[in-house]
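Please read the structure below before turning to the comments.
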Amino acid sequence: MQITLNSQIQYLKSIGPKRAEILATIGIKTVHDLLYYFPTRYLNRTTILDSNKAFKFVASGYNNEITIIGKVVESEEIRYGKTNIYKVSFKDDKGFFECVWFKGIKYFRNRFKEGDYFAISAKPVITKYGHLQFAHPDFDKLANEESLDFLNTGKIIPFYKIPSQLKNINLGDLSLRRLISTAVEHCINEITETLPTNVISKNNLLNIKSTIINKHFPESTGVLDRANNRLKFEEFFYIESLIALKKKRHHAKQNGITFKIDVPLVKQFLNSLTFELTNAQIKTLHEIRLDMESKIPMNRLIQGDVGSGKTIVALISLLIAVSNNKQAAFMAPTEILAIQHFHNLKKMLIDFPISVELLIGGQKPKDKKLAYEKMGNGFPAIYVGTHALLELKANFSNLGLVIIDEQHRFGVAQRSQLITKSISPDVLIMTATPIPRTLTMTVYGDLDVSIIDEMPKNRIPIKTYLRSDKNLDNIYKFITENVNKGSQAFIVYPLVEESDKIELKAAQSYFEELANSVFSNFKVGLVHGKMQWNEKQKAMDLFAKKELNILISTTVIEVGIDIPNANIMVINDAHRFGLSQLHQLRGRIGRGSEQGHCILVTPDELSKKQFDATFSFDYLSDAQIQKNKTIIRLNALVTHTSGFRLAEIDMKLRGPGDIYGIKQSGLPDFKYADLVEDQAILSKAKNIAFEIIENDPDLSKEENKVIKNNIKQFYKNNLFFSNIA
Ligand code: ADP
Ligand code: MG
5 MQITLNSQIQ
15 YLKSIGPKRA
25 EILATIGIKT
35 VHDLLYYFPT
45 RYLNRTTILD
55 SNKAFKFVAS
65 GYNNEITIIG
75 KVVESEEIRY
85 GKTNIYKVSF
95 KDDKGFFECV
105 WFKGIKYFRN
115 RFKEGDYFAI
125 SAKPVITKYG
135 HLQFAHPDFD
145 KLANEESLDF
155 LNTGKIIPFY
165 KIPSQLKNIN
175 LGDLSLRRLI
185 STAVEHCINE
195 ITETLPTNVI
205 SKNNLLNIKS
215 TIINKHFPES
225 TGVLDRANNR
235 LKFEEFFYIE
245 SLIALKKKRH
255 HAKQNGITFK
265 IDVPLVKQFL
275 NSLTFELTNA
285 QIKTLHEIRL
295 DMESKIPMNR
305 LIQGDVGSGK
315 TIVALISLLI
325 AVSNNKQAAF
335 MAPTEILAIQ
345 HFHNLKKMLI
355 DFPISVELLI
365 GGQKPKDKKL
375 AYEKMGNGFP
385 AIYVGTHALL
395 ELKANFSNLG
405 LVIIDEQHRF
415 GVAQRSQLIT
425 KSISPDVLIM
435 TATPIPRTLT
445 MTVYGDLDVS
455 IIDEMPKNRI
465 PIKTYLRSDK
475 NLDNIYKFIT
485 ENVNKGSQAF
495 IVYPLVEESD
505 KIELKAAQSY
515 FEELANSVFS
525 NFKVGLVHGK
535 MQWNEKQKAM
545 DLFAKKELNI
555 LISTTVIEVG
565 IDIPNANIMV
575 INDAHRFGLS
585 QLHQLRGRIG
595 RGSEQGHCIL
605 VTPDELSKKQ
615 FDATFSFDYL
625 SDAQIQKNKT
635 IIRLNALVTH
645 TSGFRLAEID
655 MKLRGPGDIY
665 GIKQSGLPDF
675 KYADLVEDQA
685 ILSKAKNIAF
695 EIIENDPDLS
705 KEENKVIKNN
715 IKQFYKNNLF
725 FSNIA
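Going by the working numbering, the first residue of the sequence shown is number 5, and it counts up by one from there.
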């Protein structure tokens, strides 16, 4: 029978229905699937040491993993005290080495037959008898002819992920290599190119056939790199094409509101400000105005560091909307922040004929009902609220603009929920840069982006210190001195918002302890997540009015709170917070013209860890970075004040998967590419994809047909692209 790309795997030699069934459980059903089952690792001669070199390396203090290849000389079980040790001796051209197992001997006992070749990887030691020894190493059995090839010609050997169900049917690396080799031989010519040929030639990419062949059987590490690059490029290219299409579709919509942007009231308001807008604020406002004037509904993200002054930009946009007799919604992630925005807006608009309404969960039913009524009958006003704005009853009948503050706190689903509420209001999303700038265009790819990359002129960068919890007395003294001079201070404890009774008690006891002893001469307040919103509010109000000197709090104050006179923050157990969370917390101070001080308190041993604060990732190995994550994180805060820079560091420390914002974005997982490592490929793929979609939005040109065909294959069911038909 003729084997083709779409043949069921069972028709391959040595497979049959039973094995085929098992292979199907890991997604290999056809020959095509098999060709795309790529190796996860390679054995490459340049990374292999012989026993002599390995010995010298270890003797001179080298303390990393080493890979070595040898032939089994003998294996034995040795009685050692009460237990047995299993030891296998190997030999290569330059000498001998040994592997030992202390546990699971029964499993390893039969695997090392005399004369067989193995590749061994582990961190070796030199024993007191002067032997090079690997304990519990990773090992791969090599076929004899393969290992000779490998040693003589420098061939690269692929290793696959072999799940246990494959092991059970005796399908290991060796059989897979043979199987795939057969598949390549018979079917590689049937593989059709999955990228436009002009994209391949212009960018000197490897074609798909060579890519597949070289992924399995690399000619050289150089070609293997090219194969990997091509797969990464392709993955990014398709996601960027989808983003470009999504954006293009949006821009083709004409059902937006055309706001009149030349509003006398806005001019008056600008004249009433006590400060001058920064250039970045002015530029952003200009972009928003153009959007609001246009028929295309606005779909814009404002990215600006903590304290860069996003609220005022939002407010001016809200003013434009309401002056046009439309309703405008301003949504915040927490009640505290919603209430703060509500009061601030009311205060700033006191001399202006603009109504501001509040809508939050814990509100009095009577007030809520009133606000709902106004919403329903189209009353033009600024409606400030939390996700209560999303509740069913919140039916705006005349919604013109939606602003979402601190968008990284909301998921994509919530975002689209509000947006689909009405026909096509303008949408403005604000975030304090939880992700590196280079990724913004992908994670928020379908949005237009304005970046506020400039701080108001009066700001002095906050000073940040790392201190031991044994130093608390001095820290309290520092607070006392400054409060006596008129400052206000936050003292933050790492109790989570959703905390249970125990933590509530803890917050209470921290409060009582400090309020009744060191700070008994001051007025001290407390806010935590378990308080009723109006109690929280009362404490915040008192603090804002300077009737409290010190506010003890949990992370409820993390987002958006703006109290310019507070310029000291102590963060207890700072090591328990993430980097972006610490940056957000710290952003609560240094908002006025006084010097801000942020003191990160950690256990003694951590604060003592001397780590060069000018460290650069370039000088640290991955292992070093992983081992010192916490101290690197804290030092990064001491050294840097820019949220953009910190986001990059955070990403290096944690990988993109764990970064807030990115997880929330609904962006699919990548199979080949890595958002951190492969940013250069990403931006190349993005530029090319956007250019193609710009020139051929329907993908109707002959050369782009392949994109159209493949795009459906990619990310079919992904929320991120849910609104592209
Ligand atoms: P964020 O971008 O973190 O939301 P806010 O909008 O809360 O920051 O602004 C922080 C503080 O800076 C507020 O007290 C605000 O009134 C003030 N502010 C905003 N723009 C300027 C400016 N151009 N000059 C001086 N102060 C400003
Ligand atoms: Mg804000």
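For glycine and all other residues, C-beta sits at the position ideal for the given N, C-alpha and C.
Mapping DSSP to helix, strand and coil, what is Tyr133?
In the three-state scheme derived from DSSP, where H, G and I count as helix and E and B as strand, Tyr133 is classed as coil.
Between which two residues does the alpha helix (DSSP H) containing Val642 stretch?
Its alpha helix (DSSP H) spans residues 633 to 643.
Give every residue of the same chain whose Cβ lies closer than 6 Å to the Cβ of Thr196, excluding the five residues on either side of it in the sequence, and list them in chain order.
None.
Boundaries (first-last residue) of the alpha helix (DSSP H) holding Asp545
Its alpha helix (DSSP H) spans residues 537 to 548.
What does a CB cutoff of less than 6 Å around Lys127 pick up in its chain, not counting 5 residues either side in sequence?
Glu69
Give the straight-line distance between the Cα atoms of Leu16 and Leu9, rounded to the nearest whole angstrom.
11 Å
Near Asp97, what residues of its chain come up, given a Cβ to Cβ distance below 7 Å and the 5 sequence neighbours on each side ignored?
Asp54
Sequence-distant residues of its chain with Cβ nearer than 7 Å to Leu697 (five each side left out)
In the sequence under discussion, the amino acid at residue 697 is Ile, which differs from the Leu named in the question. Result list for Ile697: Ser245, Ala248, Leu249, Lys252, in chain order.
Measure the alpha-carbon distance for Asn348 versus Lys550 and round it to whole angstroms.
Taking the straight line joining both Cα atoms gives about 16 Å.
Per-residue burial, Gln285 [other beta carbons within 10 Å of its own, 16 or more giving buried]:
buried
Is DSSP giving Ser426 helix, strand or coil here?
Interpretation of Ser426 is limited by its pLDDT of 47, a score under 50 that renders its predicted location unreliable; no figure is taken from the coordinates.
Is Ile316 near the ligand ADP, going by C-beta to nearest heavy atom under 6 Å?
yes
7 Å CB neighbourhood of Ala617 in its chain, flanking five on each side removed:
Because the pLDDT of Ala617 is 43, which lies under 50, any placement of that residue in the model is unreliable, and the question is left without a value.
Chain-order list of residues whose beta-carbon lies under 6 Å from that of Lys425 (same chain, five-residue window excluded)
Its pLDDT being 47, under 50, Lys425 is placed unreliably by the model, and the measurement read from it follows with that caveat. Beyond the five residues adjoining it in sequence on each side, Lys425 comes within less than 6 Å, by CB distance, of no other residue in the same chain.
In whole angstroms, what is the alpha-carbon distance linking Asn402 and Ser454?
26 Å
Starting from Ile554 and walking both ways along the alpha helix (DSSP H), at which residues does that stretch end?
Not the alpha helix (DSSP H): Ile554 falls in the beta strand (DSSP E), residues 554 to 557.
Assuming Asn569 and Gly596 are in contact, meaning their beta carbons sit under 8 Å apart, how far apart are those beta carbons, in whole angstroms?
6 Å
Which whole-angstrom value describes the C-beta separation of Arg49 and Phe122, a residue pair presumed to lie in contact below a C-beta threshold of 8 Å?
With 8 Å as the limit, Arg49 and Phe122 do not qualify as a contact, their Cβ atoms being about 15 Å apart.
Opening and closing residue of the alpha helix (DSSP H) in which Ile292 lies
283 to 297
Gly313 Cβ short of 6 Å to the ligand ADP heavy atom set
yes
Relative to the alpha-carbon of Phe138, which residue among Ala332, Gly74, Glu150 has its alpha-carbon at the smallest distance?
Gly74
Leaving out the 5 sequence neighbours to the left and right, which residues in its chain are closer than 6 Å to Ala519 when beta-carbon positions are compared?
Result list for Ala519: Val528, in chain order.
Measure the alpha-carbon distance for Arg637 versus Thr338 and round it to whole angstroms.
C-alpha separation (whole angstroms): 26 Å.
Beta-carbon within less than 6 Å of Ala342's beta-carbon, same chain only, minus the 5 sequence neighbours each way: which residues are those?
Cβ neighbours of Ala342 beyond the five flanking positions: Ala336, Ile364, Val388, Gly389, Thr390.
Just to confirm the assignment, what range does the alpha helix (DSSP H) spanning Asn488 have?
476 to 488
Going by DSSP, what residues sit across from Pro162 in a beta bridge?
Tyr46
Tyr497: buried (16+ other C-beta within 10 angstroms of its C-beta) or exposed?
Buried is the label assigned to Tyr497, since at least 16 other Cβ atoms lie within 10 Å of its Cβ.
What's the gap between the Cα of Pro429 and the Cα of Met296?
Computed Cα separation, rounded: 10 Å.
Measuring only from the beta carbon, is Thr338 closer than 6 Å to any heavy atom that is part of the ligand ADP?
Answer for Thr338: no, Cβ out of range of the ligand ADP.
7 Å Cβ cutoff met for Leu405 and Ala332:
yes
Check whether Leu289 and Ile320 have beta carbons under 7 Å apart
yes
Given that a residue counts as buried once 16 or more other Cβ atoms are within 10 Å of its Cβ, and exposed if not, what is Pro222?
buried
Do you know offhand how far Asn275's Cα is from Glu681's?
47 Å
Of all the options Leu27, Asn381, Val76, Lys171, which has the alpha carbon lying nearest to the alpha carbon of Lys117?
Val76
Tell me which residues share the same chain as Phe241 and place their Cβ nearer than 8 Å to its Cβ, disregarding the 5 neighbours each side in the sequence.
A distance below 8 Å between beta-carbons, with the five flanking residues on each side excluded, links Phe241 to the following residues of its chain, in chain order: Leu199, Val203, Ala689, Ile692, Ala693.
The ligand ADP heavy atom lying under 6 Å from the CB of Phe279:
yes
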